[in-house]
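Participant: Below is the structure I would like to discuss, written out as structure tokens.
Protein chains in written order, with our numbering: chain A, 82 to 517; chain B, 82 to 517.
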């Protein structure tokens, strides 16, 4: 069922639902309110460090206070909600996700992880359970790159990993720098600019993030929940230019052609065949050429295309695979350049390391899911997440995916509350009983 | 040597050079004057049925009168220059080409055929030779499609083969209809609109057109002159759309992808492989996908491309090859659609039949070239020419190509006068001694 069925729960105080521990009703109420707060006429807009994200933070903070939780803001302006444990000196078990969205995005991307934590904490509290470790729920700032051209701003700032130059990045609409926005949201901009870690890995026993799956795998496999094995790294070339030679399509025979479209098609088919073979060997990899264009100012049906621009991105859980495949790309381009008389010009590659989730956490979530009779599968995450920043900082982290149709970053996201609640069940078990 | 070396010949009366029979000097003078008449600051512009073409017609007509030829305009406003034969009742031997150009084009495309005819006639006259058949030189109107969106206007009108609807076609700059332009140039627009043939195939013993090669074959083979075996027909699809499914590049594994870029690359590589095999069997074919674009308003590096638009054109001297290859295109698209889960949407195909040059004429030109010790090869023409209209109307026709670098439809055309004169030698022999 979609989450937007008519509900009276939203009219109720979410706080009372939280106190009652009615998870599904609470989740619906929270999602409905978030949707109302940030509906833009088409989808959901919660701009990072801006009004939309701010309203979501205010709303969740207020509901958390009503539900009796300790609420604070950390020095990176992230929202922090805590359920104190019986041994408060010990590293905390953390959960959460981001509350911002892309323009005209969906209501669940990010918010599902915050709502999942909220529901889990509320049920633990309602059941009268006091966990050993303090459980901390984050509403993380600025995860989406849509607004300032860079992702994971809030979690990166938390671990002192935001490049000072990034503070100069301009908001896509207003042109004002990120620093101004962060400061207005209450962040300690001086500490962040200096690279001071505002939290240490040792403060955390774990970080477990719930997120909707942004692909079709769980829908295809008919499973409500996925256990994430890692976040794929990538190699990207935004612009590779293939230089051939233009000419009259009728007048130049095959052996005198330097056709850039056929050359790039040749490269892509060679890479596609490598991909197929690597998949058969169980090697994690995805390849995409999202941009492929002849020059609109010069191309024509009867003109042999002299130039093509294309992008190439490949992702993998394995650093080795990324490096090996990158060499393969260059080798195949060299071969095609020779055989077809063209030249490839590469821009600087953009690189992100893969972040693997520890085998202990994966096995632990497998075991908890089995005990709770939640059907799951293991799967990589293609898109990046705040959990990758926690992993990179040295925090033992895990991720739980919820089945979702139609991808993300669009208003057609479709997550059933029933699936969501199975994810919450798994999260709750993990928060109370984290991997050793 | 390029033709634009400093020359005093242009300052001389071309008429006196014509009378003297100095072919190379006459050719240089005529080309220089044509260039000066139609230089646009970048290249050559001689708009069809407009000022540029008109000036070229006036100039050639005036020079022909000075040289003592009979000059007239036919009912399609084509320029007609004649050297009367001793048996005037017999079908004429015709030559010529067009005098218009694309915007910012080169000086030789078209004009070379008129100048070649002019030089040949002048030398025959200067040598005091009276041919048996009247030799007729055409300055044909409106060959380039650049101005009214359709090619071969003057030759089509001549044979009553201009679609009346084409008379409504608008000039690319002024928006005025072709009919207005043709009428102003002196054409019998009523007869043309009615489809009345203004000339009959029986009036002609032959039509022999000299033209620069618009491809690199003669340069590559180091030959000054080519003997054309036919004008390739074509099948064109200006816009084929491949519909796949967009998605997050990181989140969708290979087996759930419907990647339109890879699908089209797959089709093109299959066609390229068929092309390679057909070439090895000696089958005439060229294939071009000149336009290939993901949607600029939606494509992105991290977005699996949901849609690609591409063009596809293939040309051949053989109607059978065109039809067979068209079926092959559809078969390969069907296979790829199934294996990659995409859909291809074809626009209506545009079709032009191949026009083969008769074996008699090809063999005759081979023999004449051998006698004159002109190195030649046989080759197809990719681009269309007025000769194809003469062929289509039933006139035994032939074509002679002159070596030319850098293609055509640009100011960088590079034809040496030495090569041109060898073409004129061959033309002259053919006009005096046409194939039986």
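From the three backbone atoms N, C-alpha and C, an ideal C-beta is built for every residue, glycine too. Keep in mind the model is a prediction, meaning the values are calculated, not measured.
(1) Which word fits residue 442(B), buried or exposed, when buried means at least 16 other C-beta atoms lie within 10 angstroms of its C-beta?
(2) Using only the alpha-carbon positions, how far apart do residue 169(B) and residue 200(B) sit?
(3) Below 7 Å between beta carbons is the criterion; list the residues of the segment 353-372 of chain A that meet it against any residue of chain B, in chain order.
(4) Check whether the segment 294-313 of chain B and the segment 476-488 of chain B are in contact - that is, three or more C-beta pairs closer than 8 Å.
(5) With burial defined as no fewer than 16 other Cβ atoms inside 10 Å of the residue's Cβ, what is the status of residue 353(A): buried or exposed?
(6) Can you find a heavy atom of the ligand SAH that lies under 7 Å from the Cβ of residue 175(A)?
(7) Would residue 263(A) count as contacting chain B if we go by Cβ distances under 8 Å?
(8) Between 140(B), 205(B), 289(B), 174(B), which lies nearest to residue 101(B) when the distance is taken from Cα to Cα?
(9) Mind listing the chain B neighbours of residue 52(A)? Cutoff is C-beta to C-beta under 8 Å, in chain order.
(10) With a threshold of 8 Å between beta-carbons, can residue 480(B) be considered close to chain A, or not?
(11) On the DSSP letters alone, give me the boundaries of the beta strand (DSSP E) that residue 496(A) sits inside.
(12) So, for residue 500(B): in the same chain, excluding its five sequence neighbours on each side, which residues have a beta-carbon less than 6 Å away from its beta-carbon?
(13) Looking at chain B, is there any beta carbon in it that lies within less than 8 Å of the beta carbon of residue 578(A)?
(14) Does DSSP classify residue 163(A) as helix, strand or coil?
(15) Could one say the Cβ of residue 417(A) lies closer than 8 Å to chain B's Cβ atoms, at least one of them?
(16) Just confirm the distance between the C-beta atoms of residue 222(A) and residue 166(A), as a whole number of angstroms; I'd bet it's less than 8 Å.
(17) Whether or not the segment 440-458 of chain A and the segment 250-258 of chain A are in contact is what I'm after, with contact meaning three or more pairs of Cβ atoms, one per stretch, closer than 8 Å; do they touch?
(18) For residue 451(A), report the span of its alpha helix (DSSP H) as first-last.
(19) Do you know how far the Cα of residue 175(A) is from the Cα of residue 261(A)?
(20) In this structure, does DSSP put residue 92(A) in helix, strand or coil?
(21) Please report the straight-line C-alpha distance between residue 371(A) and residue 409(B), rounded to a whole angstrom.
(22) Rounded to whole angstroms, how far is the Cβ of residue 95(B) from the Cβ of residue 115(B), which I believe are closer than 8 Å?
(23) Below 8 Å, can you find three or more Cβ-Cβ pairs linking the segment 344-351 of chain B to the segment 399-407 of chain B?
(24) Quick check for students: name the residue ranges of the alpha helix (DSSP H) that lie wholly in the segment 332-413 of chain A, counting only runs of 4 or more.
(25) Here's a check: name, in chain order, each residue in its chain whose Cβ is nearer than 6 Å to the Cβ of residue 460(A), leaving out the five neighbours to either side.
(26) Is it buried or exposed for residue 189(A), if we count other Cβ within 10 angstroms and need 16 for buried?
(27) Using a C-beta cutoff of 8 Å, does residue 464(B) count as contacting chain A?
(28) Per DSSP, what kind of secondary structure is residue 434(A) in: helix, strand or coil?
(29) For residue 155(B), count the other beta carbons within 10 Å of its own beta carbon; 16 or more makes it buried, fewer makes it exposed. Which is it?
(30) Just the C-alpha distance for residue 118(A) and residue 389(A), rounded to the nearest angstrom, thanks.
(31) Quick one: which residues of the segment 285-309 of chain A get their C-beta closer than 8 Å to a C-beta of chain B? List them in chain order.
(32) Tell me residue 216(B)'s beta-bridge partners as DSSP assigns them.
(33) Please report whether the beta-carbon of residue 385(A) lies at a distance below 8 Å from any beta-carbon of chain B.
(34) At what residues does the beta strand (DSSP E) containing residue 312(B) begin and finish?
(35) Ignoring anything shorter than 4 residues, give me the alpha helix (DSSP H) runs that lie fully in the segment 215-277 of chain B, in order along the chain.
(36) How many angstroms separate the CA atom of residue 478(A) from the CA atom of residue 451(A)?
Facilitator: On the basis of the data shown:
(1) Only buried fits residue 442(B), as 16 or more other CB atoms lie within 10 angstroms of its CB.
(2) Roughly 22 Å separates the two Cα atoms.
(3) Under the 7 Å Cβ criterion, the segment 353-372 of chain A contributes 353, 356, 360, 367, 369, 370, 371, 372.
(4) By the Cβ rule, the segment 294-313 of chain B counts as touching the segment 476-488 of chain B, because three or more pairs are nearer than 8 Å.
(5) The residue is buried, with at least 16 neighbouring Cβ atoms inside 10 Å.
(6) As far as ligands go, the structure on display features none, and thus does not contain the ligand SAH.
(7) Chain B, which has no Cβ nearer than 8 Å to the Cβ of residue 263(A), makes this no.
(8) The shortest Cα separation from residue 101(B) among 140(B), 205(B), 289(B), 174(B) belongs to 205(B).
(9) Residue 52(A) cannot be examined here, being either before or after the span of chain A that is shown, 82 to 517.
(10) Using a Cβ-Cβ cut-off of 8 Å, residue 480(B) does not count as an interface residue toward chain A, since no Cβ of chain A sits closer than that to its own.
(11) Counting along the chain, residue 496(A) falls outside any beta strand (DSSP E), and DSSP gives it neither H nor E.
(12) So the list reads 305, 483, 484, once near-sequence residues are dropped.
(13) It is not possible to answer for residue 578(A), since the shown part of chain A is limited to 82 through 517.
(14) Strand at residue 163(A).
(15) At a cut-off of 8 Å, the C-beta of residue 417(A) has no neighbouring C-beta in chain B.
(16) Cβ-Cβ separation between residue 222(A) and residue 166(A): approximately 25 Å, too far for a contact (criterion under 8 Å).
(17) No, because fewer than three Cβ pairs between the segment 250-258 of chain A and the segment 440-458 of chain A fall closer than 8 Å, the two stretches do not touch.
(18) In the DSSP assignment, residue 451(A) falls within the alpha helix (DSSP H) that extends over 440-452.
(19) Straight-line Cα distance between these residues: approximately 28 Å.
(20) The pLDDT assigned to residue 92(A) is 46, lower than 50, so where the model puts this residue is not dependable; a value taken from the coordinates is nonetheless given after this. DSSP, read as helix, strand or coil, puts residue 92(A) in coil.
(21) Taking the Cα positions, residue 371(A) is about 27 Å away from residue 409(B).
(22) In fact, because the Cβ distance is near 10 Å, the residues do not count as touching under 8 Å.
(23) The segment 344-351 of chain B and the segment 399-407 of chain B do not touch, with fewer than 3 CB-CB distances between them shorter than 8 Å.
(24) Counting only runs of 4 or more, we get 341-361.
(25) The answer, listed in chain order, is 298, 307.
(26) That one is buried.
(27) Interface with chain A (8 Å Cβ-Cβ cutoff): residue 464(B) is included.
(28) Residue 434(A) falls in the coil class under three-state DSSP.
(29) Sixteen is the threshold: when 16 or more other Cβ atoms of the shown chains lie within 10 Å of the Cβ of residue 155(B), as they do, the residue is buried.
(30) A direct Cα-Cα distance of roughly 44 Å separates residue 118(A) from residue 389(A).
(31) The segment 285-309 of chain A vs chain B, Cβ under 8 Å: 294, 295, 296, 297, 298, 301.
(32) According to DSSP, residue 216(B) shares a beta bridge with 164(B), 174(B).
(33) It does; some Cβ of chain B falls within 8 Å.
(34) Note, residue 312(B): beta strand (DSSP E), 306-312.
(35) Correct list: 234-239, 259-265, 270-274.
(36) Each residue's Cα considered, the two are about 20 Å apart.
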